[in-house]
Amino acid sequence: MPMRPTPRWTRGCATALLLACWGATAVAQPPAPTPAPTAPAPRPRPAPAPPVEAPDDGGLTVRDTSAGYIDNPLPLDQVFLRADAGFGFTRPNRAEFFYAQGRPGGPGLPLPERRVDFTDLSAGVEKVLAPRLSVFAAVPVRFLDPQVNANATGLGDVWAGFKYVACRNESSVVTFQMTAYAPSGNPSLGLGTNHATLEPALLAAHSPADRLTLLGELRAWTPLGGTDFAGEVLRYGIGARYDLVRTERFRAAPLVELVGWEVLGGKQSGLTDGGVAVTDSAAGTSVLNLKVGCRFDWGRRAGLYVGYGRALTGERWYSDVVRVEARWLY
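Right, here's the structure in full:
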């Protein structure tokens, strides 16, 4: 029996039904999500730089060249707190090196002085600007204990300067240093010299053997102004340190230093045992001190110096001095 042809409207309905089903399927399927942009991986933070040990690689480090009284010839990043206590200062106005000439001839203490004890507390900082160059500054506070005049406490003469390494190899270093002192201390209380001062210096260190370092300095203390008491003072020093204990975490180095002064000009005054005021020339005065102490270092940053000094000559600035200095390398 022959098949009847499918009506045209039936074929149209079937086609419409198929299109509707395909459209529904397309709507039911959500569009593929657009991938989110990938965030860049965070860059690792650089490790903190260790404190500056030396201007170049290898050779002497700032801990190898640290003494008690002779300045370090290597530039370093440090902050320090220093205490100096001196006793038996019989000519403190000599060349206006410690304080100014007294009254009536100068702006200093009102009465002639027989003997002075003192403590200077100094807070300072040094910053390396280049491998061979650093700048530094310090602010002192003085506690003065005279025998005749009244006690006084206050700001002393602040100082600042720079040092530049002129020559260096693995075992030696020679440095030029310039320090300027400002007359910020009150001279009428014995807290300052009442004049600006420049002090050029040569600093040196040499290590002839493992753990042993020899140090030296030569300074020219040059007053700018002042009274007729003011005069140039040449200071020199030689010393040696030996790292008795040296580990990664701790160092202990005994130190011996000889520090001397040659007064080239100026005047000085004082009281005799009988209470008579005398004034004479300070030129030609020679003073020599022996300093002994020990420097301790913990790790790469913390350090401490403790030392004692004694005058070896009849002429002196003070008979005894004690120094304690704490520092932090950053």
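Reminder that position 325 of the sequence shown reads as 1197 in the numbering used here, one-by-one numbering, no gaps. Here a beta-carbon is modelled for each residue, glycine too, at the ideal position from N, C-alpha and C. Everything numeric in this text was worked out from a predicted model, so none of it was measured.
- Residues of the same chain with a CB within less than 6 Å of the CB of A955, apart from the 5 flanking positions on each side, are L993 and V1196 in chain order.
- Contact check for L1075 against T1094 fails: the beta carbons are separated by 9 Å or more.
- Secondary structure note for V1045: its beta strand (DSSP E) is the uninterrupted segment S1044 to Y1053.
- Secondary structure remark: continuous beta strand (DSSP E) runs of at least 3 residues inside the stretch 1103 to 1162, in chain order: 1105 to 1114, 1122 to 1135, 1139 to 1143 and 1149 to 1153.
- Here the C-alpha atom of Y1036 lies approximately 48 Å from the C-alpha atom of V1148.
- R1121 counts as exposed, since fewer than 16 other beta carbons sit within 10 angstroms of its beta carbon.
- The residues W1031, A1032, G1033, A1068, T1069, L1070 and E1071, in chain order, have a CB closer than 8 Å to that of A1052 in the same chain once the five nearest residues on each side in sequence are set aside.
- With respect to the 9 Å criterion, F959 and V1135 are not classified as neighbours on the basis of their beta carbons.
- Under the three-state reduction of DSSP output, A939 falls in the coil class, being neither helix nor strand.
- Beta-bridge analysis with DSSP links E1089 to L1075 and G1109.
- Going by C-alpha positions, V1013 is about 24 Å away from E1104.
- Annotation for R963: Q1140 and G1142 place their beta carbon closer than 6 Å to its own, counting only its chain and skipping 5 residues before and after.
- Residue pairing of F990 in beta bridges, as defined by DSSP: G958 and L1016.
- L1084 has its alpha-carbon roughly 7 Å from the corresponding atom of D1115.
- When the alpha-carbon of G1179 is set against those of T1185, G1186, S1191 and V1164, the nearest one is in V1164.
- If you look at L1063, you'll find it isn't in any beta strand (DSSP E); DSSP assigns it neither H nor E.
- DSSP lists no bridge partner for F1101.
- Taking C-beta atoms under 8 Å as the contact rule, E985 and P1018 qualify, at a distance of about 5 Å.
- Here the C-alpha atom of S1006 lies approximately 18 Å from the C-alpha atom of L953.
- With 16 or more other Cβ atoms from the protein chains shown falling within 10 Å of its own Cβ, N1066 counts as buried.
- If you ignore the 5 residues before and after G931, its C-beta comes within less than 6 Å of the C-beta of E1042, all in its own chain and listed in chain order.
- For P1095, DSSP records a beta bridge to T1069.
- Taking C-beta atoms under 8 Å as the contact rule, A1125 and N1161 fail to qualify, at a distance of about 20 Å.
- By a beta-carbon distance limit of 8 Å, G1138 does not contact A972. Their separation comes to about 12 Å.
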